[in-house]
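Just so you know, the sequences run in chain order A and B. Position in the first sequence (first residue = 1) + 11 = the numbering used here. Position in the second sequence (first residue = 1) + 468 = the numbering used here. One structure is given here, and the rest of the page talks about it.
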Amino acid sequence: MKRVVEGSQAVAEAVRLARVGVISAYPITPQTHIVEFLSEYCANGSLKARFMRVESEHSALAALIGTASTGVRAFTATSGQGLALMHELLHWTSGARLPIVMAEVNRALAPGWNIWVDQTDSLAQRDTGWIQLYCENGQEVLDTVLQAYRLGELVNLPVMVVLDAFFLSHTYEPVDVPEQETVDSFLPPYEPKFQLDPKDPCAFGSLVTPNIYMEMRHSIAQAMDDALRCFPYIEDEFEKIFDRRYGTVEALYCDDADIILVTTGTITSTSRQVVNELRAEGEKVGLMKLKLFRPFPVHHVRSVLISAKKIAVIDRNFSFGAGGIFAQEIRAALCNEPGHPPVYGYIAGIGGRDVTTDVIGEIYRRTKNSEAPEAESIWMGLQEV
Amino acid sequence: MIEIRWHGRGGQGAVTSVEMLALAAIEEGKYAQGFPSFGPERRGAPVAAFNRVDDKQIKVRSGIYKPDVVVVLDPSLVALVNVTEGLKEGGTLIVNTVLSPEDVRERTKFKGTIATVDATHIAREELGVPITNTTMLGAVIKAVNPVKVESLNAPLKERFGRLAPRNMKALKRAHDELNLSTAA
């Protein structure tokens with residue numbers, strides 16, 4: 012049924028439809044409406060789940076690690092500072108191979124205190140062994156949460172579904188909320204490959220010596236490769252039932268493009284408008300949306316970008332002393348290809364600053380009009396201070 | 469595409485207005501977006517909320533800086549907030565006030581279409597409270613016609629249940645009692 016919901020509610024609806032068994036969260040800022048909706052669903056019985064309110068984000072994930080170890084489908088949501096506090100346990104979740112799904116609403120990190128969109132919080136967790144999927148609208152958020160459970164449970168890895176603060180979390184728009192039976196046909200009950208069982212006592216989390224730790228890490232690496240290989244098959248099934256698919260990356264007008272913009276999150280959506288307008292003016296511009304960031308779809312990215320003359324990556328994030336994080340990954344993906352196009356890195360929209368059609372248009376023109384990148388990272392719209 | 473900015477105070481339900489309007493638009497097979505001014509909100513403080521309505525899918529996901537329409541839910545805001553900021557020259561300003569459109573033109577110096585209605589009075593009579601978010605939807609429909617009045621039946625029913633008919637009556641009164649002054 013088509014409803015008008017916020018991005019936050021699109022997440023909550025998907026969690027309800029996924030028949031999650033346990034939700035644990037810390038409800039204070041920088042939390043979003045996601046867990047507010049879910050606590051309501053638990054209270055009114057529309058979701059038969061246990062809601063565990065805990066004293067911090069660190070505890071929220073710790074509680075879920077225990078829960079998920081017993082073979083229950085589990086969910087949490089956080090943002091910014093809350094994700095940073097979870098950091099240690101993010102490693103724990105993937106190391107324990109628990110397919111927990113988390114909605115991560117991108118919010119800037121303090122200081123200065125800022126609750127607006129910025130991707131540095133989730134990107135700073137790129138090496139924790141979580142699958143990361145970035146979304147551009149409410150429908151994609153709902154669909155991706157459902158796909159995340161299928162994918163995570165298949166390869167035994169946790170999944171972060173990432174969405175922009177405010178531009179997505181607080182924006183109302185039409186979203187098709189599917190029926191429970193339809194979702195059930197896509198997402199069957201969770202069948203854990205291992206779980207704590209009082210009838211078969213065992214211990215988790217003991218000391219692992221050098222003679223096996225490396226193999227355990229390699230196994231996680233293989234699971235990430237499996238996730239990359241399997242995501243399209245999960246999308247095939249999803250498409251059969253829901254008639255929608257997204258792809259690990261989406262290439263729009265890239266085949267004959269001289270310049271390709273690379274985007275994530277809601278900037279993608281606004282860029283579609285800009286690219287359509289530029290195409291109508293005869294500009295040979297393309298757009299590559301990156302949805303799956305971990306595992307990084309390196310071959311797919313390379314095949315989309317390799318024949319362009321210039322690549323312009325828009326990063327709403329920054330790694331101090333290095334540059335925009337997506338730009339770094341794109342450069343790394345291309346570096347072994349002889350004659351690859353130069354990668355222009357643009358920093359825009361940090362801390363919730365608006366990335367309008369004008370900003371995106373300017374990024375295109377600056378890329379077109381310069382022979383080579385002016386700098387490793389070009390900060391858009393900086394004011395004199 | 470039509471872009472609308474709503475001015476109200478925290479707690480006056482401007483976000484509910486944008487949600488209702490978006491729902492009504494999709495009832496008609498159109499596309500719509502609604503969002504609040506991003507950031508923390510306090511009860512009673514001036515706030516804004518925004519709508520986009522279009523026949524095509526809406527791709528732009530940034531703020532609205534040059535609205536076609538501005539709606540003011542609280543009469544006191546005209547003196548407090550620059551409500552016409554960015555409003556297109558040929559746009560429409562719709563104010564809940566006892567003043568006439570000419571008086572509002574005098575105060576705001578806005579040259580486009582101005583519409584006024586005493587929505588607080590209507591809301592008090594029909595709903596028993598001075599909350600004008602649903603009442604002012606009627607004014608918006610009369611002035612700029614983004615959706616049909618009937619398309620709000622289902623959204624109001626879903627949100628307000630047994631109070632929906634009273635909200636609809638208030639909405640229709642604002643629609644009928646609107647004073648309109650076209651561009652000067």
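The C-beta atom is built at its ideal place from N, Cα and C for all residues, glycine as well.
- Check the Cα spacing between HIS311 of chain A and each of A:PRO243, A:PRO110, A:ARG137, A:SER282: the tightest is with A:PRO243.
- Distance from the CA of GLU553 of chain B to the CA of PHE578 of chain B, rounded to the nearest whole angstrom, comes to 10 Å.
- For SER19 of chain A, the nearest beta carbon of chain B is not closer than 9 Å to its own beta carbon.
- Of the other Cβ atoms in all chains shown, 16 or more fall within 10 Å of the Cβ of MET604 of chain B; this residue is therefore buried.
- 9 Å or more divides the Cβ of SER35 of chain A from the Cβ of LEU94 of chain A.
- The contact set of ASP365 of chain A on chain B, defined by CB atoms closer than 7 Å, consists of SER530, GLY531 in chain order.
- When Cβ-Cβ separations below 9 Å define contact, ALA516 of chain B makes no contact with chain A.
- Under the Cβ criterion of 9 Å, VAL33 of chain A is not counted among the residues facing chain B.
- Among the residues of chain B, those whose CB is under 7 Å from the CB of GLN284 of chain A are LYS527, VAL528, following chain order.
- Legend: CB atoms of the region 484-512 of chain B lying less than 8 Å from CB atoms of chain A belong to residues VAL486, GLU487, ALA490, LEU491, ILE494, TYR499, ALA500, GLN501, GLY502, PHE503, PRO504, PHE506, GLY507, PRO508.
- DSSP places PRO185 of chain A in the strand class (E or B) of the three-state scheme.
- The Cβ-Cβ distance between PRO185 of chain A and THR259 of chain A does not fall below 9 Å.
- Ranking A:GLU164, A:MET225, A:THR275, A:GLY360 by CA distance to the CA of GLY82 of chain A puts A:GLU164 first.
- Of all residues in the region 177-202 of chain A, those with a C-beta nearer than 7 Å to a C-beta of chain B are PHE177, PHE178, HIS181, THR182, TYR183, GLU184, PRO185, reading in chain order.
- Taken atom to atom, the span from the alpha-carbon of LYS637 of chain B to that of GLU594 of chain B is near 7 Å.
- Shown here, THR650 of chain B sits in coil according to DSSP, grouped into three states, outside any helix or strand.
- At a C-beta separation below 8 Å, LYS13 of chain A has these neighbours in chain B: ILE494.
- Residues are counted here when their Cβ sits less than 8 Å from a Cβ of chain B; for the region 360-389 of chain A these are GLY363, ASP365, VAL366, THR367, THR368, given in chain order.
- For ASP237 of chain A, the enclosing alpha helix (DSSP H) has its first and last residue at 221-253.
- DSSP places PHE628 of chain B in the helix class (H, G or I) of the three-state scheme.
- Residues of the region 76-103 of chain A with a C-beta atom less than 9 Å from some C-beta of chain B do not occur.
- The Cβ-Cβ distance between ARG520 of chain B and ALA500 of chain B falls below 9 Å.
- Distance from the CA atom of TRP390 of chain A to the CA atom of PHE337 of chain A, rounded to whole angstroms, is 14 Å.
- In the structure shown, ASN380 of chain A adopts helical secondary structure according to DSSP, grouped into three states.
- Residue-level contact by beta carbon holds for ASN148 of chain A and chain B, with a gap shorter than 9 Å.
- For LYS610 of chain B, there is no enclosing beta strand (DSSP E); the residue is found in the alpha helix (DSSP H) stretching over 603-612.
- When Cβ pairs closer than 8 Å are counted between the two stretches, the region 580-590 of chain B is seen to touch the region 552-567 of chain B, the count reaching three or more.
- Shown here, MET97 of chain A sits in a helix according to DSSP, grouped into three states.
- Taking the CA atoms as reference points, ASN613 of chain B sits about 26 Å from GLY478 of chain B.
- Across the region 278-304 of chain A, CB contacts with chain B closer than 7 Å involve SER280, THR281, ARG283, GLN284, in sequence order along the chain.
- Per DSSP, ASP326 of chain A lies in no alpha helix (DSSP H) segment; the continuous beta strand (DSSP E) that holds it begins and ends at 321-326.
- Taken in chain order, the unbroken stretches of beta strand (DSSP E) that lie wholly in the region 14-55 of chain A and span 3 residues or more are 33-36.
- At a Cβ-Cβ threshold of 9 Å, GLU226 of chain A and LEU174 of chain A do not count as neighbours.
- By the rule that beta-carbons nearer than 9 Å mark a contact, ILE126 of chain A touches chain B.
- Two segments are said to touch when three or more pairs of C-beta atoms, one from each, lie closer than 8 Å; by this definition the region 187-204 of chain A touches the region 157-171 of chain A.
- Excluding residues up to 5 positions away in sequence, VAL173, THR275, GLY276, LEU301, LYS302, PHE304 lie with their Cβ nearer than 7 Å to the Cβ of TYR145 of chain A in the same chain.
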